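Engineer: These protein sequence lines map, in sequence, to chains A and B.
Each residue of the first sequence is one higher than the last, beginning at 5 in our numbering.
Each residue of the second sequence is one higher than the last, beginning at 95 in our numbering.
Cβ coordinates follow ideal geometry from the N, Cα and C atoms, glycine included.
Remember, it's a predicted structure, so these values are computed and weren't measured experimentally.
Got a structure for you, questions after.
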Amino acid sequence: DQQVKQNSPSLSVQEGRISILNCDYTNSMFDYFLWYKKYPAEGPTFLISISSIKDKNEDGRFTVFLNKSAKHLSLHIVPSQPGDSAVYFCAASDRGSTLGRLYFGRGTQLTVWP
Amino acid sequence: KAGVTQTPRYLIKTRGQQVTLSCSPISGHRSVSWYQQTPGQGLQFLFEYFSETQRNKGNFPGRFSGRQFSNSRSEMNVSTLELGDSALYLCASSVRSGSYTEAFFGQGTRLTVV
Numbered sequence: 005d006q007q008v009k010q011n012s013p014s015l016s017v018q019e020g021r022i023s024i025l026n027c028d029y030t031n032s033m034f035d036y037f038l039w040y041k042k043y044p045a046e047g048p049t050f051l052i053s054i055s056s057i058k059d060k061n062e063d064g065r066f067t068v069f070l071n072k073s074a075k076h077l078s079l080h081i082v083p084s085q086p087g088d089s090a091v092y093f094c095a096a097s098d099r100g101s102t103l104g105r106l107y108f109g110r111g112t113q114l115t116v117w118p
Numbered sequence: 095k096a097g098v099t100q101t102p103r104y105l106i107k108t109r110g111q112q113v114t115l116s117c118s119p120i121s122g123h124r125s126v127s128w129y130q131q132t133p134g135q136g137l138q139f140l141f142e143y144f145s146e147t148q149r150n151k152g153n154f155p156g157r158f159s160g161r162q163f164s165n166s167r168s169e170m171n172v173s174t175l176e177l178g179d180s181a182l183y184l185c186a187s188s189v190r191s192g193s194y195t196e197a198f199f200g201q202g203t204r205l206t207v208v
């Protein structure tokens, strides 16, 4: 049962343009959401997060938007750079669960071309 | 501050054998979680340890087990290996930040079962 869904397995964007990665979730107990970036043969690295009491969080070129009523969040990268090419995972934390239990989507492969 | 360290990075085993993977969390982090990543799948939660106790477990067979030591280092063991166990095994070290979780991943152990 996939409680966090990333329905686009891949996304291709030109350098300088905006990249928008989407994520949907089904569990209303999720109260914190995280985005991770992963290069091949490396572990995921934390990118940005948002709590359920907010609808937007920005960090440099990265902005995450949360629409609780739609159970949807998105990661915007502006402007996109070739070095952003990686797999992006959306993850959620359940306030009823334990500290280290995160629920992950299947990831979206972002390719930024020159 | 050192990050999460996983050893070994790569491992090749034969069906039926057993394997032990190691994870050293970030200093001061007491929660260690293990995830399995296979192609096309997100990160599947295996289990979480906190202060030497298993606090949460995912939907994996009993062949997958783990433990945590008093210094928070954790080991994961897989017995009677099957071809389908070939995957990237990731360890996450977590800490509470305010009301939420911060989770940091190691580089993973790539297990190949032949």
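Should G87 (chain A) be flagged as near chain B, meaning a C-beta pair shorter than 9 Å?
Structural biologist: One-based indexing of the first sequence puts residue 87 (chain A) at position 83. No, because no Cβ of chain B sits closer than 9 Å to the Cβ of G87 (chain A).
Engineer: Residues in its own chain within less than 8 Å of Q112 (chain B) by CB, not counting five upstream and five downstream?
Structural biologist: Your numbering for residue 112 (chain B) matches position 18 in the second sequence. So the list reads N171, V172, S173, T174 and L175, once near-sequence residues are dropped.
Engineer: At a cut of 8 Å, does the segment 57 to 70 of chain A reach the segment 105 to 122 of chain B through at least three beta carbon pairs?
Structural biologist: In short, these stretches do not touch, since the Cβ pair count stays below three.
Engineer: Counting only the same chain and skipping the five closest in sequence on each side, list residues whose C-beta sits under 6 Å from that of T195 (chain B).
Structural biologist: Along the second sequence, one-based indexing puts residue 195 (chain B) at 101. For T195 (chain B), where only same-chain residues beyond five positions count, the Cβ hits under 6 Å are S188.
Engineer: Would you say F158 (chain B) lies against chain A (beta-carbon separation less than 9 Å)?
Structural biologist: Against the second sequence, residue 158 (chain B) aligns to sequence position 64. No - not a single Cβ of chain A is within 9 Å of the one on F158 (chain B).
Engineer: In the DSSP assignment, find the beta strand (DSSP E) that holds N150 (chain B) and state where it starts and stops.
Structural biologist: Taking the first residue of the second sequence as 1, we reach residue 150 (chain B) at position 56. Start and end: T147 to K151.
Engineer: By a C-beta neighbour count over all protein chains shown, 10 Å radius and 16 as the cutoff for buried, is P133 (chain B) buried or exposed?
Structural biologist: Here residue 133 (chain B) refers to the residue found at position 39 when the second sequence is read from its first residue. Exposed is the call here.
Engineer: Shorter than 9 Å from the beta carbon of T115 (chain A) to some beta carbon of chain B?
Structural biologist: Your numbering for residue 115 (chain A) matches position 111 in the first sequence. No, no contact with chain B.
Engineer: What's the gap between the Cα of G20 (chain A) and the Cα of P83 (chain A)?
Structural biologist: Position 16 of the first sequence, counted from the start, is the residue given in the question as residue 20 (chain A). Position 79 of the first sequence, counted from the start, is the residue given in the question as residue 83 (chain A). The straight-line gap from Cα to Cα measures roughly 5 Å.
Engineer: Give me the chain A residues within the contact set of R167 (chain B), using Cβ-Cβ distance strictly less than 9 Å, ordered along the chain.
Structural biologist: Reading the second sequence from its first residue, position 73 is the one you call residue 167 (chain B). Result: empty, since nearest Cβ-Cβ is about 15 Å, beyond 9 Å.
Engineer: Beta-carbon separation of G156 (chain B) and L140 (chain B) under 9 Å?
Structural biologist: Here residue 156 (chain B) refers to the residue found at position 62 of the second sequence. Here residue 140 (chain B) refers to the residue found at position 46 of the second sequence. No.
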